[in-house]
Structures are given as structure tokens and as C-alpha cells.
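Novice: What the sequence shown shows, in the UniProt record's numbering, is residues 1 to 136, in sequence order.
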Amino acid sequence: MPRITVDEDFIREVQTRLTEMRNQVSGVRAGVDPTDMGHTHGMPWANLEVIPGGENFASGAAVKTRIRTVGGLVDTKLAAFDKKLADYAQGLGNILLSSENIERANANAANFASFLPGSRPTSSVPPPVVPPPAAS
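What follows is the structure, given as C-alpha cells:
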């Protein structure tokens with residue numbers, strides 16, 4: 001089985017790919033052809049409509065209704081994918097932020113003694129420079 005290293009670069013790459021997929025889903029919902037993103041084609045799935053004959057043509061009216069219903073269902077699915085992709089990308093961002101905060105806290109803990117008068121740092125890692133909180 002191949003070895004996979006999950007580090008910050010890997011997580012950022014996955015986050016970027018999720019965002020790209022989300023952008024494509026948004027484009028498809030808006031009526032953009034995903035194979036030709038430079039040119040819009042068609043219309044949003046929720047507004048998909050056909051004219052399969054006159055109003056008195058029962059089969060045509062049924063097809064028209066069914067296509068509109070299916071278009072709405074497709075749009076609902078795409079909206080759900082859009083939300084999931086956004087949630088996953090945001091979750092990965094939160095993981096990275098949390099990891100950075102943990103690393104910062106560990107560096108502070110390792111150098112705690114250096115903050116006391118007459119002490120020497122226990123680590124070769126310099127304490128991080130943290131700006132004071134903004135006045136509210």
C-alpha cells in the first residue's frame with residue numbers, strides 16, 4: 001500500500017481542489033458548460049424548460065413538466081454538493097488553523113521558564129512574537 005503523508009502542503013492541495021470543484025458546481029448550476037468554462041451555454045438547471053409541442057399535446061405537456069421537475073432535482077443535488085464541498089474546504093482550513101495555534105502554544109510552553117526573571121530558555125526555539133490584543 002502506498003504511503004501517504006498528510007502534512008500542511010497536502011491539506012492545502014486538497015483544500016484547493018475542493019474549492020475548484022465547488023467553483024465548477026456553481027458554474028454548472030448557473031448553466032455553464034464545464035468543458036468550456038469560457039462560454040456560457042444554456043440556463044440554470046432549476047429553470048430548464050422545453051417546448052415539446054402545443055398546449056393540447058398531452059404527452060408534450062407531461063415531458064415539459066417532468067423535465068422541469070428533474071431540472072429542479074438536479075439543481076437541489078448540485079446545491080447540496082456545493083454546500084458539502086464548501087464545508088469540507090472550511091473544515092480543512094480550521095484544522096490548519098488549529099494546528100498552528102497548537103504549535104504556537106507548544107513553543108510558548110517550552111519557553112515558559114525564559115519569561116521568569118533570572119531564567120534561561122529550555123528550548124532553542126525563540127518565543128513567538130505575539131501582538132497585544134486590539135483595544136475594543
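Ideal Cβ placement from N, Cα and C applies to all residues, glycine included.
Only a predicted model underlies this, so the values are computations on that prediction, with no experimental measurement involved.
1) Between the beta-carbon of Leu-78 and the beta-carbon of Val-25, is there less than 7 Å?
2) By the DSSP assignment, the alpha helix (DSSP H) with Thr-69 in it spans what residues?
3) Count the other C-beta atoms from every protein chain shown that fall within 10 angstroms of the C-beta of Val-6, then say buried if there are 16 or more, exposed otherwise.
4) Would you kindly check if the distance between the Cβ of Leu-85 and the Cβ of Ile-11 is under 7 Å?
5) Considering Cα atoms alone, identify which of Asp-82, Val-70, Asn-56 is closest to Leu-18.
6) So, helix, strand or coil for Val-6, using DSSP?
7) Suppose contacts are defined by Cβ-Cβ distances below 7 Å. Is Val-74 in contact with Trp-45 by that definition?
8) If Leu-48 and Gly-27 are in contact, beta carbons under 8 Å, what's the gap, nearest whole angstrom?
9) According to DSSP, simplified to helix, strand and coil, what is Val-50?
Specialist: Working from what's here:
1) In the sequence shown, counting from the first residue as 1, residue 78 sits at position 78. In the sequence shown, counting from the first residue as 1, residue 25 sits at position 25. Contact flag set, yes.
2) Counted from its first residue, the sequence shown places residue 69 at position 69. Taken as a continuous stretch (DSSP letters only), the alpha helix (DSSP H) holding Thr-69 covers 58–110.
3) Residue mapping note: residue 6 aligns to position 6 of the sequence shown, counting from 1. Per the 10 Å Cβ criterion, exposed.
4) Numbered from 1 along the sequence shown, position 11 holds the residue referred to as residue 11. Numbered from 1 along the sequence shown, position 85 holds the residue referred to as residue 85. Cβ distance not < 7 Å, so Ile-11 and Leu-85 don't count as in contact.
5) Here residue 18 corresponds to residue number 18 of the sequence shown, with the count starting at 1. With distances taken between Cα atoms, Leu-18 lies closest to Asp-82.
6) Locating residue 6 in the sequence shown gives position 6, where the first residue counts as 1. Val-6: coil per DSSP, three-state reduction.
7) In the sequence shown, the residue the question calls residue 74 occupies position 74. In the sequence shown, the residue the question calls residue 45 occupies position 45. Closer than 7 Å, so yes.
8) Looking up residue 48 in the sequence shown gives position 48. Looking up residue 27 in the sequence shown gives position 27. Going by Cβ atoms, the distance from Leu-48 to Gly-27 rounds to 16 Å, so no, they are not a contact pair.
9) Taking the sequence shown and counting its residues from 1, one reaches residue 50 at position 50. Here Val-50 sits in coil by DSSP.
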